[in-house]
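Chemist:
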Amino acid sequence: MSDIRIATPEDQILLEKEAKYCSYGDTVHYIEPPRIFSRCEGSYVWDTEDQAYLDLQMWYSAVNFGYSNPRLNNALKQQIDTLPQIASQYLHKGKIELSERIAVDAKNKFGLDGRVHFNVGGSQSIEDSLKVVRNASNGKSLMFAFEGGYHGRTLGASSITSSYRYRRRYGHFGERANFIPFPYHFRGPKGMTKEEYGSHCVQQFARLFETEYNGVWDPKVGQSEYAAFYVEPIQGTGGYVIPPMNFYSELKHVLDQHGILMVVDEIQMGFWRTGKLWSIEHFDVKPDVIVFGKALTNGLNPLGGIWAREELINPKVFPPGSTHSTFASNPLGTAVGLEMFKMTSEVDYGAMVMAKGKYFLDGLQDLQKRYPIIGDVDGLGLALRCEICGPDGFTPDKATLDFMVEEGIKGDIEIDGKRLGLILDVGGYYKNVITLAPSLEISYAEIDLGIALLDRLLARAMKR
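With the first letter of the sequence shown counted as 1, position 234 gets the number 245 in our numbering; the numbers rise by one all the way through.
1) Could you name the residues that DSSP lists as bridge partners for M273?
2) Assuming D389 contacts I253 (C-beta within less than 8 Å), just tell me the rounded distance between them.
3) Which runs of the beta strand (DSSP E) at least 3 residues long sit entirely within the segment 280-336? Give them in chain order.
4) Taking all protein chains shown into account, decide if S356 is buried (16 or more other Cβ within 10 angstroms of its Cβ) or exposed.
5) What residue from Y237, E398 and R82 has the CA that sits closest to E413's CA?
6) In whole angstroms, give me the CA-to-CA distance for P81 and Y64.
7) Tell me which same chain residues have a C-beta within less than 7 Å of the C-beta of R467, skipping the five on either side of it?
8) Contact between the segment 153-161 and the segment 188-208: three or more CB pairs below 8 Å?
9) Measure the alpha-carbon distance for T204 versus M256 and round it to whole angstroms.
10) At the level of alpha carbons, what is the spacing between L67 and A448?
11) Count the other CB atoms within 10 Å of the CB of Q62; is the residue buried (16 or more) or exposed (fewer)?
12) Grouping DSSP H, G and I as helix and E and B as strand, with all else coil, what is E474?
13) Taking the alpha-carbon positions, what's the M12 to E27 distance?
14) Out of L464, I245, G250 and L272, point me to the one whose CA is closest to W283's CA.
15) Is the separation between the beta-carbon of S235 and that of I278 shorter than 8 Å?
16) Distance check for G332 and G368, CA to CA, integer angstroms please.
17) In this structure, how does DSSP classify D116 when only helix, strand and coil are distinguished?
18) Looking at the unbroken alpha helix (DSSP H) that takes in E261, where does it start and where does it end?
19) When you compare each of N325, S340, K287 and D373 to Y360 by their alpha carbons, which one comes out closest?
20) How would you call A306, buried or exposed, if buried means at least 16 neighbouring beta carbons within 10 angstroms?
21) Could you work out which residue in V227, I458 and V416 is closest to I42 when comparing CA atoms only?
22) Less than 8 Å between the beta carbons of R178 and S169, yes or no?
23) Where DSSP assigns a beta bridge to G125, which residues make up the other side?
24) Please determine, among G422, I445, I420 and G392, the residue with the shortest C-alpha to C-alpha distance to P407.
Have a look at this one:
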């Protein structure tokens, strides 16, 4: 047990009950004892002793627009008073209008007709996308995916997620993806620019199709054994790794040559996290399928889904009953999603996010100059990374980051006479990366505060 305090006697009772009645299967017990929170607003959460914590991970980028966002909360409340429930087999206005918003936006950006299919979350929507892909490829079940990629923990999503630990307990996965190296430049070969390394990774992938004996391609009939390549444009759990800008256009060229679909997982990076509605927009490619979830409803009534090209998802090829979820396209979720689109269309939301992201990244780069244990910082919009290393600035140092996370959750960092806590998320191939996903509504003063809190934690880490 760490010396993290248990705030109140009531918390102690609750933790004893939790230890007896709750599954530990979810991602809770990474810090002992777990903190119990009681309220939230904006960029902050409060524990049961009313201690404030600045949250720089916002529910794994599900609450992009701030906790208890009044406008989005009001949309939910209004829907509760009109049509709070309806079976997903029936139509309602919100489903149709939200589908239109997403499909028209995709048409304008990619020049492609398509349709939207809803489900209740990211992993479930990945499962639906696998059905779409397998159906479109006459039942091909093999996929490409990236080392470091994460697409969820349902059985199908686990098969295309690179970490074996999510599959280990559940038997053999015969259709496990073929995992391809991602252009993680900080840990790539030395002597290459970021763009050169991106091209190198594409060239290595393309070699799989040079001869039938690489096992993925039959040149006599011009068919690949693989149906699709699942990509996170910015790796999420893998550590917010941002690839070179030339990477996806070159990769898509190889995929198109061999009839392989590109399925873009925007579950964590979608809805303006990177300064655009979809992070793939930064890379000048046309996706075949987009999977989304999380921030569509700002962490309120869950809603996820897929957009797919018309020829992949029209009713002739993907008819009624192809997949189903009781709570798919629920009216509470679609109401919040529509209001989110309206809210972000009223200002230049992308420019705002990019400006804040640059300001935050400048602060991280200043910390990097002063702390040799910061090996790498990078960011796109408000998806930011800070890689914690040994004194050489390169060797991964998970233990130091674990220490910083635990220190942050103590809630005892003093800034201008006030005690604060700091909530951080850990990612990366070596679990040594702070993956920063602050509220997109974060103020510049709160960014300054976040940098100051990180400064205090880094100083503690250097002294321990």
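Glycine included, each C-beta is placed from N, C-alpha and C at the ideal position. Here the structure is a predicted model, which is why all the values come from computation and not from measurement.
Modeler: This is what the structure holds:
1) Taking the first residue of the sequence shown as 1, we reach residue 273 at position 262. In the DSSP output, where bridge partners are listed per residue, M273 has F240.
2) Here residue 389 refers to the residue found at position 378 when the sequence shown is read from its first residue. Here residue 253 refers to the residue found at position 242 when the sequence shown is read from its first residue. That pair is a contact at about 5 Å.
3) 300-303 and 315-320
4) To locate residue 356, count along the sequence shown from 1; it is residue 345. S356 is exposed by the Cβ-count criterion.
5) Within the sequence shown, numbered from 1, the residue matching residue 413 stands at position 402. The displayed chain sequence assigns Asp, not Glu, to residue 413. The shortest C-alpha separation from D413 is found at E398.
6) Working through the sequence shown from its first residue, we reach residue 81 at position 70. Working through the sequence shown from its first residue, we reach residue 64 at position 53. Cα-Cα distance, rounded: 20 Å.
7) For the purposes of this step, residue 467 is taken as the residue at position 456 of the sequence shown. Taken in chain order, the residues that qualify are I424.
8) yes
9) Residue numbering aside, residue 204 sits at position 193 when the sequence shown is read from its first letter. Residue numbering aside, residue 256 sits at position 245 when the sequence shown is read from its first letter. Each residue's alpha carbon lies about 12 Å from the other.
10) Sequence index remark: in the sequence shown, residue 67 carries index 56 (1-based). Sequence index remark: in the sequence shown, residue 448 carries index 437 (1-based). Each residue's Cα considered, the two are about 6 Å apart.
11) The residue you call residue 62 lines up with position 51 of the sequence shown. Q62 comes out buried.
12) Residue mapping note: residue 474 aligns to position 463 of the sequence shown, counting from 1. For clarity, residue 474 is Lys in the given sequence; the question names Glu instead. Helix.
13) The residue given as residue 12 occupies position 1 in the sequence shown. The residue given as residue 27 occupies position 16 in the sequence shown. Residue placement at M12 is flagged as unreliable, the pLDDT there being 40, under the threshold of 50; a coordinate-derived value is accordingly withheld.
14) As a working mapping, residue 283 is identified with position 272 in the sequence shown. W283 has its Cα closest to that of I245, out of L464, I245, G250 and L272.
15) In the sequence shown, residue 235 corresponds to position 224, counting from 1. In the sequence shown, residue 278 corresponds to position 267, counting from 1. Against a cut-off of 8 Å, the Cβ pair of I278 and S235 comes out as no contact.
16) Here residue 368 is taken as the residue at index 357 of the sequence shown, counted from 1. Here residue 332 is taken as the residue at index 321 of the sequence shown, counted from 1. When rounded, the distance between both Cα atoms is 43 Å.
17) The count along the sequence shown starts at 1 and reaches residue 116 at position 105. If DSSP states are grouped into helix, strand and coil, D116 belongs with the helices.
18) Stepping through the sequence shown from its first residue, residue 261 is reached at position 250. F258 to Q268 is the extent of the alpha helix (DSSP H) around E261.
19) Looking up residue 360 in the sequence shown gives position 349. Nearest C-alpha to Y360: K287.
20) In the sequence shown, the residue the question calls residue 306 occupies position 295. That one is buried.
21) As a first step, residue 42 must be located in the sequence shown, where it is residue number 31. Nearest of V227, I458 and V416 to I42, Cα basis: V416.
22) One-based indexing of the sequence shown puts residue 178 at position 167. One-based indexing of the sequence shown puts residue 169 at position 158. The answer is yes: Cβ separation under 8 Å.
23) As a position in the sequence shown, residue 125 is number 114, starting the count at 1. Its beta-bridge partners are R320.
24) Here residue 407 is taken as the residue at index 396 of the sequence shown, counted from 1. Among G422, I445, I420 and G392, the Cα nearest to that of P407 belongs to I445.
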